[in-house]
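Report on the following structure.
Protein chains: 2
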Amino acid sequence: MSYQQLEAHQRQIDRLQHLFAICGWDQATMMPEGGSQARAEAMAELEVLLHAKKTAPEVGDWIAAAEGESLSAAQQANLNEIRRHWQDARLLPADLVEALSLAGSRCEHAWRRQRQENDWAGFAPNLGEVVRLSRDVARLRAEALEMRPYDAMLALYEPGMSVVKLDQVFGDLANWLPGLITEVSERQRGEAVLTPVGPFPTEQQKALGLEVMSLIGFDFNHGRLDVSSHPFCGGVPTDVRMTTRYNEEEFVSSLMGIIHETGHARYEQGLPREWLGQPAGEARSMAIHESQSLFCEMQLGHHPAFLSLIAPRIRAHFGEQPALSAANLARLYNRVEPGLIRVDADEVTYPAHVILRYELERDLIEGRIEVADIPELWDAKMQQWLGLRTAGNYRDGCMQDIHWTDGSFGYFPSYTLGAMTAAQLRFALERDLGEMGSVIEAGRLPALFAWLSAKIWQHASLLPTDELLTQATGETLSPRWLRRHLEQRYVGK
Amino acid sequence: MSYQQLEAHQRQIDRLQHLFAICGWDQATMMPEGGSQARAEAMAELEVLLHAKKTAPEVGDWIAAAEGESLSAAQQANLNEIRRHWQDARLLPADLVEALSLAGSRCEHAWRRQRQENDWAGFAPNLGEVVRLSRDVARLRAEALEMRPYDAMLALYEPGMSVVKLDQVFGDLANWLPGLITEVSERQRGEAVLTPVGPFPTEQQKALGLEVMSLIGFDFNHGRLDVSSHPFCGGVPTDVRMTTRYNEEEFVSSLMGIIHETGHARYEQGLPREWLGQPAGEARSMAIHESQSLFCEMQLGHHPAFLSLIAPRIRAHFGEQPALSAANLARLYNRVEPGLIRVDADEVTYPAHVILRYELERDLIEGRIEVADIPELWDAKMQQWLGLRTAGNYRDGCMQDIHWTDGSFGYFPSYTLGAMTAAQLRFALERDLGEMGSVIEAGRLPALFAWLSAKIWQHASLLPTDELLTQATGETLSPRWLRRHLEQRYVGK
Ligand SMILES: [Zn+2]
Ligand SMILES: [Zn+2]
């Protein structure tokens, strides 16, 4: 059967991608500086080889033949995903794939130092090369998929998403979010929040992080925690490689970063074992992935009941101080304050950072702006959304993120789509299990994760995003649940 | 030009082998248990792919065409190495490779428990299967290469080595080594050696190890040190991954293990950059590799002047105690004592262990003895060489090593060839730079390594072993330098 040949072929691809994932993790966590050139070449070589495998002529024949075969619903879903990946792969010529991989590695590698040195002049030409190649990608994809260029990039991360839909949901946010930010800022103005006093030794932070990972169910037999300058969750489902970074002057952001990445990790570890190695067994999309990490971080991690649960563990590692009371931690973690750095942003101002990047990358990919225009536009949009200036401060402005360095244009919207999804999931979960606070207080975290497993993880890519969300929550994506969540938590509506 | 096509093809192979090396390192140092199944499958997939690439039909055509092209001497050397690797890869049918791989895994896996349980009866049939398949390998290689079977196995590790040469050099050792062992044992009988008293915390051992690695020139921009249960030196030349293991009850063996692996690492790091990725740019052979690690360990690391140099550092980490004086460390590290276990042997008795295994595996591969004969022969040879009985003690006798379990017949001689080469290099180096002790005392370690680089590292596989050694030392391999070294160090001749 052709379908069986496709499955065998996908297993081969998956095995080679396994090696790519582990070497990518190593590159970010373990590799010494001097190894970067050879590593970039080795990974580009495998990427070319994978590309050749994915686009082998017989794959199209197998797909065509499999369409006439008698398949189960799950096999049919797998065939759909195989077809989608195959189309994605064959749209691009091998030399473009290789050029983008090399330019991306070079740009990202140099960015690590350039960011520290606020070196926009050094960074801009590297980014320019990545943008130039990414526009080629977008154009080729757009022509073949009959979409506008940015939609064709979105489809890499969010199949079914589009500028039209994004403008709807982000437009909805634009109507109420600025007012909410102002309202919350005013409410919190008089609030006394104590800043925990360090130092917080790395070893203690790591031990605390590992404890909290255990508490929320990370499986250490199938993964580990390491350090990288930009935290991520990589590896493979049976060996998930999570990273964080430590700052001995404060533990707050590293701890919540660990909780966030653990959300990603549990999704990966929770994918259905019987479908591992097949496209239908992969995480559904970046927004769904982010919904799992943001569920862990925002819906669970920032919940006062959860902070009450972990406050004693925090004090056990860092000693008693008033700033480490559960009440103060809740104030600290739910403090809303416009800031320059996306990854440090609270959940109320976070969408502003994403919409800013979305608007820039959409126009960058579609040729309406150039790399040289970014700093000025960044500054203008930061002023407009959050009232902050970034002129001359590239490090905390347009050079703060890693995403554009390797050409991941179309990715940023996933963060806010994920936040919306997480909020929508939370209200659906509460209908089934009761209010989050009481679930946490009753020690029912396993029930909470079992719900996520049943509603999201176990379905992997066996359903399209809209269907996945509908079976989990009763409706497709709606921004009103994020609004309800934020208003409930921050202005007590 | 066909030669250029071969170079491009080799670069591809090298890049994929890079990923294999890093994932292999990860498997031994980082991977959680639950990731092992998927990793094994992923690495096997790449191995199959590499084999297909190495034996692709066009390679033979390119080689034939390149032989008629005008090449530099270095290109010619590279072509010779390419041809050798290509022949090695295509000589064996895939089903024999797979059968041996399976039998080897089975034998090795069962051996781990059988060794503990001294279970020769359980082990012998598994080893018998590995021997049977290895004889097939040896026969096929022998027919194609027109060599005797054991020479065809040696060629996998030591191109140019043969039973005739081994019988010469090992025969020479047999004339003087047993007498020397007796003489040294008698001399050391009354010597008081203090055992350092622990515990020796892992963190301190690691810090000391890193310091000593720096002292002997390990380039941390192109490598790192980690922990694995079986120490090794892996990775790639621009990113060498060294491992060790720590035992908090004693630091002596871990420290010297680090020095040994640093010798391997410096060779890899010192290979000529312009030939990286090509067969001519690889380390020459297993014996030459071992000569570099043994030079570091035995010629340098066990030298009283070197131990004087590092003794203050050792005491800085572990505190003052009489056992950590330079003089006692020299007695400790240069203690000669016949023992059952090869990996714990001192440099005087070590060759006895190797010659014993060489004689057995040579006769085993060439069908003059059978697996059932091993224990009795082992016992007889251990009595003859070291005066020790192993009858009934399989665990510390013929079941102590891992090498035969996966069919690595032909590898053992490299250890003692490496020790001889290291001694020969030392006396050549002393003719150029002066006596080792004064080189060390004058702080001229950089000059010492520059000499090794000029004589060995920079030549990679650009010369055959005999030529390499001749240009470095003025002659081909001779056991008299090892004799001189051992007599000088141990009986003061
Ligand atoms: Zn995330
Ligand atoms: Zn070695």
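Here the protein sequences come in this chain order: H and V.
Just so we're aligned: the first sequence equals residues 847 to 1339 in the working numbering.
Just so we're aligned: the second sequence equals residues 847 to 1339 in the working numbering.
Here a beta-carbon is modelled for each residue, glycine too, at the ideal position from N, C-alpha and C.
C-alpha of residue 1158 of chain V to C-alpha of residue 1240 of chain V: approximately 42 Å in a straight line. Looking at the DSSP output, residue 1088 of chain V sits in a beta bridge with V:1071, V:1079.
Taking each of H:918, H:1303, H:1327, H:857 in turn and checking the Cα distance to residue 1111 of chain H, the smallest one comes out for H:1303.
Annotation for residue 1229 of chain H: the continuous alpha helix (DSSP H) segment containing it runs 1220 to 1232.
Residue V:1236 holds the alpha-carbon nearest to the alpha-carbon of residue 1220 of chain V among V:1115, V:1127, V:1236.
Of all residues in the stretch 936 to 962 of chain H, none comes within less than 9 Å of chain V when Cβ atoms are compared. In this structure residue 1086 of chain V is not in contact with residue 1124 of chain V, their Cβ atoms being roughly 18 Å apart against a cut-off of 8 Å. Check the Cα spacing between residue 1044 of chain H and each of H:1057, H:1265, H:921, H:1164: the tightest is with H:1164. Residue nearest to residue 983 of chain H within the set H:1001, H:896, H:1204 is H:1001 (criterion: CA-CA distance). With a threshold of 7 Å, the Cβ atom of residue 1057 of chain V does not count as near ligand 2, since no heavy atom of the ligand is closer than that. The alpha-carbon separation between residue 1180 of chain V and residue 851 of chain V amounts to approximately 52 Å. Residues of chain V whose Cβ lies closer than 7 Å to the Cβ of residue 872 of chain H are, in chain order, 868, 872. Residue pairing of residue 1096 of chain V in beta bridges, as defined by DSSP: V:1093. The DSSP-derived three-state label of residue 1142 of chain V is helix.
In terms of beta-carbon proximity, residue 1066 of chain H lines the interface with chain V, with at least one pair separated by less than 8 Å. For the stretch 1074 to 1089 of chain V, the residues whose beta carbon sits under 7 Å from a beta carbon of chain H are, in order, 1082, 1084, 1085.
Identification of residues in the stretch 1281 to 1296 of chain V having a C-beta nearer than 9 Å to some C-beta of chain H yields an empty set.
The beta carbon of residue 1316 of chain H is closer than 8 Å to those of 1322 in its chain, skipping five residues each way along the sequence. In chain H, no part has a C-beta under 7 Å from the C-beta of residue 1229 of chain V; the shortest such distance is about 47 Å.
The beta carbon of residue 1093 of chain H is closer than 7 Å to those of 1100 in its chain, skipping five residues each way along the sequence.
In this structure, the alpha-carbon of residue 887 of chain V lies about 38 Å from that of residue 1057 of chain V.
Counting C-beta atoms within 10 angstroms of its own C-beta, residue 862 of chain H has 16 or more neighbours from the protein chains shown and is therefore classed as buried. Taking a Cβ-Cβ threshold of 8 Å, none of the residues of chain V is close to residue 893 of chain H; the smallest such distance is about 11 Å. Residue 1298 of chain V places its beta carbon less than 8 Å from that of residue 1141 of chain V. Burial is judged here by how many other beta carbons sit within 10 angstroms of a residue's own beta carbon; residue 1270 of chain H has at least 16 and is buried. Only buried fits residue 1104 of chain H, as 16 or more other CB atoms lie within 10 angstroms of its CB. By the neighbour-count definition (other C-beta atoms within 10 Å, threshold 16), residue 1312 of chain H is an exposed residue.
At least one CB of chain H lies nearer than 8 Å to the CB of residue 879 of chain V. A direct Cα-Cα distance of roughly 22 Å separates residue 1310 of chain V from residue 900 of chain V.
Annotation for residue 1308 of chain H: 920, 923, 1126 place their beta carbon closer than 6 Å to its own, counting only its chain and skipping 5 residues before and after. Rounded to the nearest whole angstrom, the CA to CA distance from residue 1015 of chain H to residue 1201 of chain H is 11 Å. When DSSP assignments are scanned along the stretch 992 to 1044 of chain V, the uninterrupted stretches of alpha helix (DSSP H) that are 4 or more residues long and fall wholly within it turn out to be 995 to 1003, 1009 to 1034. Assigned with DSSP and collapsed to three states, residue 947 of chain V falls in helix. Distances taken from the Cβ of residue 1193 of chain H to the heavy atoms of ligand 1 include none shorter than 7 Å.
Residue 1132 of chain V sits in a helix when the DSSP states are folded into three classes. Membership of residue 1182 of chain H in any alpha helix (DSSP H) is not indicated, and neither H nor E is assigned to it by DSSP.
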